[in-house]
Every structure is written in C-alpha cells, then in structure tokens.
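Protein chains in written order, with this note's numbering: chain A, 6 to 219; chain B, 6 to 219.
Number of protein chains: 2
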Amino acid sequence: MASPTENGTKARLLQAGRKVFAEHGLKNATIRDICALAGANVASVNYHFGGKEKLYVTVLQDYLERENRRHPRDLGVTPQSTPEERLRAYVRSFLLQTLGDGDPENERLGKLLIQEFIEPSQHFGEIIERHCRPTHNMLLDILRALLPDADEGTIKRCSESIVGQCVLFDYAKEAINRMHPDLALKASNIEHITDFIMQFSLGGIDRIRSAKQQ
Amino acid sequence: MASPTENGTKARLLQAGRKVFAEHGLKNATIRDICALAGANVASVNYHFGGKEKLYVTVLQDYLERENRRHPRDLGVTPQSTPEERLRAYVRSFLLQTLGDGDPENERLGKLLIQEFIEPSQHFGEIIERHCRPTHNMLLDILRALLPDADEGTIKRCSESIVGQCVLFDYAKEAINRMHPDLALKASNIEHITDFIMQFSLGGIDRIRSAKQQ
DNA sequence: ATGGAACTAAAACGGGCGTTTTATTTTTCG
DNA sequence: CGAAAAATAAAACGCCCGTTTTAGTTCCAT
Numbered sequence: 006m007a008s009p010t011e012n013g014t015k016a017r018l019l020q021a022g023r024k025v026f027a028e029h030g031l032k033n034a035t036i037r038d039i040c041a042l043a044g045a046n047v048a049s050v051n052y053h054f055g056g057k058e059k060l061y062v063t064v065l066q067d068y069l070e071r072e073n074r075r076h077p078r079d080l081g082v083t084p085q086s087t088p089e090e091r092l093r094a095y096v097r098s099f100l101l102q103t104l105g106d107g108d109p110e111n112e113r114l115g116k117l118l119i120q121e122f123i124e125p126s127q128h129f130g131e132i133i134e135r136h137c138r139p140t141h142n143m144l145l146d147i148l149r150a151l152l153p154d155a156d157e158g159t160i161k162r163c164s165e166s167i168v169g170q171c172v173l174f175d176y177a178k179e180a181i182n183r184m185h186p187d188l189a190l191k192a193s194n195i196e197h198i199t200d201f202i203m204q205f206s207l208g209g210i211d212r213i214r215s216a217k218q219q
Numbered sequence: 006m007a008s009p010t011e012n013g014t015k016a017r018l019l020q021a022g023r024k025v026f027a028e029h030g031l032k033n034a035t036i037r038d039i040c041a042l043a044g045a046n047v048a049s050v051n052y053h054f055g056g057k058e059k060l061y062v063t064v065l066q067d068y069l070e071r072e073n074r075r076h077p078r079d080l081g082v083t084p085q086s087t088p089e090e091r092l093r094a095y096v097r098s099f100l101l102q103t104l105g106d107g108d109p110e111n112e113r114l115g116k117l118l119i120q121e122f123i124e125p126s127q128h129f130g131e132i133i134e135r136h137c138r139p140t141h142n143m144l145l146d147i148l149r150a151l152l153p154d155a156d157e158g159t160i161k162r163c164s165e166s167i168v169g170q171c172v173l174f175d176y177a178k179e180a181i182n183r184m185h186p187d188l189a190l191k192a193s194n195i196e197h198i199t200d201f202i203m204q205f206s207l208g209g210i211d212r213i214r215s216a217k218q219q
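Okay, structure coming up:
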C-alpha cells in the first residue's frame, strides 16, 4: 500500500508541482505540464488537491517547512549563546535557505515565496504569520541583546538592515549573476559572505549604539 | 495634429498600459483591459505597438527613464562632493524611486522591475546594461573613495550590503506593512530612513576598513 | 467472488486570451 | 476635391487553460 508519501500519484503530483511552480510561478505554470511531468492525468490535480491553487499553497507551505527544518535560524546555538553567535547562525541560515540544497528543483522554489512578497495571494497572511513573523522575532530578540538600551524602533531598523543584506542574494540573484558573477551566493563562499555581513552589521550596530548613547 | 505624446490613442494606450501592467504584471494583464481603460479597440495595441510584449517593454523602459530623471542618483552632488554626501544622495535616490511620487499608478510600477529581477524576460539584459549597471557603477565609485585601499571584492561586497538595505523596502513592502507598519517607507520618514541606512553603512564600512588594515 | 470505494483515464466543456482579418472612418496632401 | 494613407472599429480565429463529466480500472473488505 505504500506510505502516503512514497510513490503514489498524489506524491508525484506534489513533486512535479514543486518543479513546475518553481519554474513558472502560480499563473504561468499549467496543470497539464505538472501532470505530464508526474505521468498523471490532467484531472488528477483536481481529484487529489481540489484545484490548481490548492496544490500551489500545499507546495509552498511544504517548502517552507522543509527549509526551516533543514536550516533553522538557531542551528548550533542556544538562547545562552552570545548574541553575536546567534546573529551569525541567523544570517547563515538565511543564506543557506536562499542557496538551497544544490538540487536545482528546490533551488528555484524560493521564487514562490518571492512572488508572494511581490504580488501577495490570499495566502500571504498565513505565510507571514506562520513563517516570517516567528522567524523575524528571533532576530529582534538577538538585536535587543546587542542593543539593550535601544528603543524598539531602532531595533527594528537594524533588523531591516540585516534582513536586507541577506535578502538581496535572493532578490537580485539573476542581476548579480550577470553583473558580478564572482559575487553571487555559492556554496563555496557562503561562509565568507556570512562573515562579511556579520562584520558590516556589527560595525553598523556599534555606530548606531554610540550615536544613540551620545 | 497634436504632439505625438498628447492625447492620441497611442499615448492613451501607453498610459493605460502603465496602469494595468503595474497592477497585474506582464502575464496577468490583458490587452482587453488596457484597451478598455484607454477607450480603444482591442486591435489597437497590435496596430500601434506590434503586440502586447512590445507595449510592455516600452512601458518599462519609459518608467525607468522617467524615474531616473526625477530622482537621479547624484541629485544635488557633484563628483567633487565628499563620498559621504554622494552616498547619501545615492541612498536617498534609491528610496525616493522606491517610494514613487504618490501617484498610485506609478507607485506600483516598480513591481514591473521587480518582476524582471525575479523572473527575467528576454529584455532583462538590456535593462541591466542600460539602467542597473551604470547606476551601480556610481555606487562602486563612491565606495572606492570611501575605501581607497580595499580590493574590488570588498568594494562590491559593501555595495551589496548597501543596496540590500535599500531594496528591502521595495521587495518586502507588503510584509513590512503587515508586520511593522510603522517601519514602512513613507514620504514622512524617508529622511529618517536615509539617515539610519547611512549611519549603519558608514559604521559597517569603518569596521570593514579596520579589519582589512589590521 | 463480489460489491463498493478509491483511483485513473479520456474527452469534452466553457471561457479567456493575443492576434488577425476585414471593413469603415478619419486624416493627409497634391 | 479626391485619392491614398493612417487610424479605428467589429468580428472572428485559433489556441490554451482549469475544470467537469463520464467511463473505465484497481483494490480491498466482506
């Protein structure tokens, strides 16, 4: 009977959906492409998932959960670690999730999330609350430890600066590849990039701290 | 006969194209919508522009040129200004272009550019070379002045950190609005945000400089 | 073995799309 | 003016899409 997530049509559809949605986005992907890739009938998506959009949101949520399991923001640290260590784990996790696992199928799946950010669907709210908000709160906690005397506005601004640096490698991946291919995020330089963002950010945070205190 | 860019069907189509493409993107926008908004026949886009995609790229290029004319990266500074002043003008221009001019029609037009970044069309290369590359080179020049002894790799990494901070307000506009609406980019706080990014970045650059020199 | 449920397959539906064709009106200019 | 050119309008074409329908198959408990 095979476990529900093994080789059945539904599992193959989900896998094909991952690939095709990642490649073409929600609107441009076609059920016919997905079914062809899955070796299934065009009606199967409706039968197993209830429609194209339902498959889409399933794929997206599944991707986010996997990614967070693979590269949690607090990998290798505890609440007792220094704020610097926790920040480094956070940045590193961000970049690792952006980089993907080398499988080109998953590599492009991040686009689905970007698409939601640019043109939110009706599921954006749930994604924010279930994924982004808790994750971002971890960063705010770290920054509160780094800037114990700062007001919340400053904390949030710092978090924006850090997230911005991380997110660029996802957002501008194609542009960086064309303009400065040596600067792109790769498995071989992810530690280097993490180090750089850490130095830059800690320098920025120090500057903010002294400006506030003076 | 009216100047070519006054009130003719072609001009109205371009204006309607701006609005509809901005609202729905290349694929989702329909020429029927565009023509209805322009008060023109469905065939008029093909007649005047040669097809939907041609109209799209016309709209996009036109938008970029306007935006760069309205908020050039070196507004109010000269090559003789201090690097800090030039960097501030650069960051401010970035944010002003992201913010738009208050006209909701133009405000959402930036999405077209973001879409190109996420899912490049065949015109992406031209956009990069004609718009992004020259603009980015200005930033690299500024950073070379700020870090005269740094290697090119460091210069580029710094530019990524700065661009990342600016781009976040475009990329994550919807998410920020939901999670921390007080932090969103608005006309009322654009100077404050510019100041913050400047301080954070100058702190980061200083840290990078001393790390390299030591 | 058999009846029913789960699943798969094939085909057609209904609608929206970009584009083309054809016809009509408006403009231009000798 | 009057004919050629430019511009608009109306209609139809042809394609692709998500979904539904209908029919057939497989599976499993009884």
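Note that the Cβ used here is the ideal one computed from N, Cα and C, for glycine as well.
Can you grab the Cα-Cα spacing for the pair residue i / residue j, in whole Å?
{"i": "residue 186 of chain A", "j": "residue 14 of chain B", "result": "43 Å"}
{"i": "residue 194 of chain B", "j": "residue 47 of chain B", "result": "43 Å"}
{"i": "residue 39 of chain A", "j": "residue 130 of chain A", "result": "26 Å"}
{"i": "residue 205 of chain B", "j": "residue 206 of chain A", "result": "7 Å"}
{"i": "residue 197 of chain A", "j": "residue 105 of chain A", "result": "17 Å"}
{"i": "residue 96 of chain A", "j": "residue 169 of chain B", "result": "14 Å"}
{"i": "residue 202 of chain B", "j": "residue 158 of chain B", "result": "21 Å"}
{"i": "residue 199 of chain B", "j": "residue 98 of chain A", "result": "28 Å"}
{"i": "residue 173 of chain B", "j": "residue 16 of chain B", "result": "33 Å"}
{"i": "residue 217 of chain A", "j": "residue 155 of chain A", "result": "8 Å"}
{"i": "residue 20 of chain A", "j": "residue 70 of chain A", "result": "15 Å"}
{"i": "residue 82 of chain A", "j": "residue 94 of chain A", "result": "7 Å"}
{"i": "residue 210 of chain B", "j": "residue 215 of chain A", "result": "15 Å"}
{"i": "residue 140 of chain A", "j": "residue 34 of chain A", "result": "29 Å"}
{"i": "residue 133 of chain A", "j": "residue 153 of chain B", "result": "42 Å"}
{"i": "residue 32 of chain B", "j": "residue 32 of chain A", "result": "8 Å"}
{"i": "residue 162 of chain A", "j": "residue 107 of chain B", "result": "23 Å"}
{"i": "residue 142 of chain A", "j": "residue 86 of chain A", "result": "17 Å"}
{"i": "residue 136 of chain B", "j": "residue 111 of chain B", "result": "18 Å"}
{"i": "residue 109 of chain A", "j": "residue 177 of chain A", "result": "17 Å"}
{"i": "residue 151 of chain B", "j": "residue 151 of chain A", "result": "27 Å"}
If I measure Cβ to Cβ from residue i and keep anything under 6 Å in the same chain, skipping five residues before and after, which residues do I get?
{"i": "residue 64 of chain B", "result": "22, 23 and 26"}
{"i": "residue 30 of chain A", "result": "120"}
{"i": "residue 188 of chain B", "result": "181"}
{"i": "residue 138 of chain B", "result": "none"}
Buried or exposed, going by whether 16 or more other CB atoms sit within 10 Å of the CB of residue i?
{"i": "residue 91 of chain A", "result": "buried"}
{"i": "residue 9 of chain B", "result": "Only weak support is given to the placement of residue 9 of chain B: the predicted model assigns it a pLDDT of 45, under 50, and the value that follows is read from those uncertain coordinates. Classification for residue 9 of chain B: exposed."}
{"i": "residue 37 of chain A", "result": "exposed"}
{"i": "residue 115 of chain A", "result": "buried"}
{"i": "residue 192 of chain A", "result": "exposed"}
Compare the beta carbon distance of residue i and residue j with 8 Å and say whether it is the shorter of the two.
{"i": "residue 164 of chain B", "j": "residue 144 of chain B", "result": "yes"}
{"i": "residue 119 of chain B", "j": "residue 67 of chain B", "result": "no"}
{"i": "residue 149 of chain A", "j": "residue 160 of chain A", "result": "yes"}
{"i": "residue 1 of chain A", "j": "residue 102 of chain A", "result": "Outside the displayed span of chain A (6 to 219) sits residue 1 of chain A, for which this structure offers no information."}
{"i": "residue 179 of chain A", "j": "residue 113 of chain A", "result": "no"}
{"i": "residue 44 of chain A", "j": "residue 213 of chain B", "result": "no"}
{"i": "residue 171 of chain B", "j": "residue 117 of chain B", "result": "no"}
{"i": "residue 147 of chain B", "j": "residue 84 of chain B", "result": "no"}
Once you ignore the five residues that flank residue i on each side, which residues in its own chain have a CB closer than 7 Å to its CB?
{"i": "residue 7 of chain B", "result": "Only weak support exists for where residue 7 of chain B lies, its pLDDT of 34 falling under 50; the value from the coordinates is given anyway. Once the five neighbours on either side are set aside, the close Cβ partners of residue 7 of chain B are 13."}
{"i": "residue 1 of chain A", "result": "There is simply no residue 1 of chain A to check, as chain A begins at 6 and stops at 219 in what is shown."}
Quick one: residues in its chain with C-beta nearer than 8 Å to the C-beta of residue i, no 5 flanking neighbours on either side, listed in chain order?
{"i": "residue 18 of chain B", "result": "39, 40, 43, 45, 49, 50, 53, 54 and 60"}
Are at least three pairs of beta-carbons, each pair with one atom in the stretch 77 to 84 of chain B and one in the stretch 56 to 63 of chain B, less than 8 Å apart? Taking a cut-off of 8 Å for Cβ pairs, the stretch 77 to 84 of chain B and the stretch 56 to 63 of chain B do not touch, as fewer than three such pairs fall below it.
Three or more beta-carbon pairs under 8 Å between the stretch 173 to 185 of chain A and the stretch 120 to 130 of chain B, yes or no? With a cut-off of 8 Å, the stretch 120 to 130 of chain B and the stretch 173 to 185 of chain A count as touching, because enough Cβ pairs lie within range.
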